[in-house]
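The structure appears right after this line, and notes come after that.
In the working numbering, the protein residues as written are 15 to 477.
What follows is the structure, given as structure tokens:
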């Protein structure tokens, strides 16, 4: 694998304008951005396109560049194709350069964890268990140094950089950004679960808790509506009203995953594993004074604190699976992070990666996150399988990338929508514990989905 790069001066451009300038030429274009903690701009934005490998992974087969191949198991196949070949970095600047990017469905965990069974008949959306791409070209924006890097990944060495020069010309010769005219008007979202049914399921889970089966389970519900306009408009709307650490527009063949997730699934950087459990939620106040009152109320809520502690312990267990002995630490505990519609309690768990474990092993250790499953994890997942009646597919899975240095970053697919066949899907959940009130848990689901509902409306108004 050979890496080539070219630095350009682009202070008059931004990731969105460049995305639009390339969008008509490269139909497979995607973008990853970040706003740290919901308030401060992240360092890097990454546009990638010119996909050389598109790999869809199902239960017992995969489709690689439209060619079907038999596989023994989806988790082993993903691990095999994610191995990093020998890298010759001719550009040699300290920036993240992803070579494999994709989505891992929640239901892939049914192949990596014991006792769980995968039933494909429960799929409603019908997307692969995992779907990854290898891009040829990336544009990496360093938002701190205000630099833009054009990157090309090649299997063979090359002498010239003509292809990078062509991309630079596309950016600067296209003076006008072409926006699609607005089409149609928004429809209402259909709730796949009746409110009364949600209440019954909450009480059923509380009954399992009373019997000592589990301590907590995260019950989710799905919403859907009609979507007939440019999917990138939804991304633009969502990033404007709900800036988050993980902003994703992932364009995967015949569907798009659009995400503004607050939560890391699990990541690896320089052999350090990091997981950031988020649990405990309040809506944002309309004033600073109300924000402070709600923050104090959240930090003094025994139910929320107990739930958060439980998930920090789960996170320590997950990180401990792939970390060196005695290296797991909680480096931040019970801090508040603010987002457009809600605030959350957040902690930080770290460990040092054991020798012999790959970044995909780390992902499997974190999938599914305790914050979207429950405790104990396996039994909670068994109960959720009975209560939710459908496969979650994209929801609470993970968008991730592996870079050429052996690092990996991933998010939990929260505040995430999927657009396919002129339909948009969203999903959100609430943690059920012994003293949960069904009405409150129902409202928590709606509050978490509100950013997606609002973005849907705005997307139909912007040009």
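Where a beta carbon is used, it is the ideal one built from N, C-alpha and C, also for glycine.
| query | Who are residue 95's beta bridge partners in DSSP? | reply | In the DSSP output, where bridge partners are listed per residue, residue 95 has none listed.
ask   = Would the beta-carbon of residue 232 fall within 8 Å of that of residue 376?
value = no
request  = Can you say whether residue 306 is buried or exposed, counting buried as having 16 or more other CB atoms within 10 angstroms of its CB?
outcome  = exposed
#### Entry: Residue interval of the alpha helix (DSSP H) (run including residue 31)
29 to 37
Worksheet item: Which whole-angstrom value is the C-beta distance of residue 142 and residue 70, which I expect to be below 8 Å?
Response: 4 Å
**Message:** Between which two residues does the alpha helix (DSSP H) holding residue 229 run?
**Reply:** From DSSP, residue 229 is part of no alpha helix (DSSP H); its letter is neither H nor E.
Compare the Cα-Cα distances from residue 67 to each of 267, 158, 16, 473 and report the closest residue. 267
### Task
Would you list the residues sitting across from residue 445 in a DSSP beta bridge?
232
Strand pairing of residue 425, partner residues [DSSP]
278, 413
Return yes when at least one heavy atom of the ligand MG lies under 7 Å from the C-beta of residue 115, else no. Inclusion of the ligand MG in the displayed structure is not the case, the ligand content being empty and no account of it being possible.
DSSP on residue 250, reduced to helix/strand/coil? helix
- Anticipated Cβ contact below 8 Å, residue 261 with residue 35, distance rounded: 19 Å between Cβ atoms; not a contact.
Could you pull the DSSP bridge partners for residue 264 from this structure?
271
My assumption, with CB atoms under 8 Å, is that residue 65 sits in contact with residue 42. Please give the rounded CB distance. 5 Å
Exercise for review: Give the range of the beta strand (DSSP E) segment to which residue 432 is assigned.
Suggested key: 430 to 434
Next item on the list: Please report how far the alpha carbon of residue 137 lies from the alpha carbon of residue 119, in whole angstroms.
Entry: 11 Å
Short of 7 Å in beta carbon distance, which residues of its chain neighbour residue 391, apart from the five on each side in sequence? Order them along the chain. 328, 384
message: Just to confirm the assignment: which complete beta strand (DSSP E) runs, minimum length 3, are found wholly within the region 306 to 377?
response: 343 to 352, 356 to 366
Whether or not the region 456 to 475 and the region 277 to 285 are in contact is what I'm after, with contact meaning three or more pairs of Cβ atoms, one per stretch, closer than 8 Å; do they touch? no
Can you name the start and end residues of the alpha helix (DSSP H) that residue 464 belongs to? 452 to 473
key: CB contact below 8 Å: residue 35 versus chain B   = Absence of chain B from the displayed structure is noted, only one protein chain being present.
Discussion item. Measuring only the C-alpha atoms, how far is residue 114 from residue 103?
Written reply: 16 Å
Checklist entry - Going straight from the alpha carbon of residue 353 to that of residue 176, what length do you get? => result 43 Å
Could you check how far apart the C-beta atoms of residue 255 and residue 433 are, in whole angstroms? I think they sit under 8 Å.
At roughly 17 Å, the Cβ-Cβ gap does not stay under 8 Å, so residue 255 and residue 433 are not in contact.
Less than 8 Å separating the beta-carbons of residue 440 and residue 274? no
### Query
What is the DSSP secondary structure of residue 216, counted as helix, strand or coil?
helix
Do residue 186 and residue 112 count as a contact pair if the criterion is CB distance below 8 Å? no
For this session: Taking 8 Å as the threshold, find out whether the region 361 to 368 comes into contact with the region 322 to 340 through three or more Cβ pairs.
Result: yes
> Along the chain, where does the beta strand (DSSP E) that runs through residue 117 open and close?
Replying inline: 112 to 118
Tell me whether residue 508 is buried or exposed, calling it buried when 16 or more other Cβ atoms sit within 10 Å of its Cβ. Any property of residue 508 remains undetermined from this structure, which presents the chain solely from 15 to 477.
Q) For residue 277, which option in 430, 76, 270 has the closest C-alpha, if you only look at C-alpha atoms? A) 430
>> Three or more C-beta pairs under 8 Å: does that hold for the region 289 to 297 against the region 310 to 317?
In response: yes
Measuring CB atoms only, is the region 407 to 427 touching the region 117 to 131, in the sense that at least three cross pairs come out at less than 8 Å? yes
Checklist entry - Going by C-alpha distance, which of 240, 165, 215, 105 is nearest residue 202? => result 240
Judging by CA-CA distance, which residue of 428, 399, 420, 427 is the nearest neighbour of residue 99? 420
| Alpha-carbon to alpha-carbon, residue 336 and residue 367 | 6 Å
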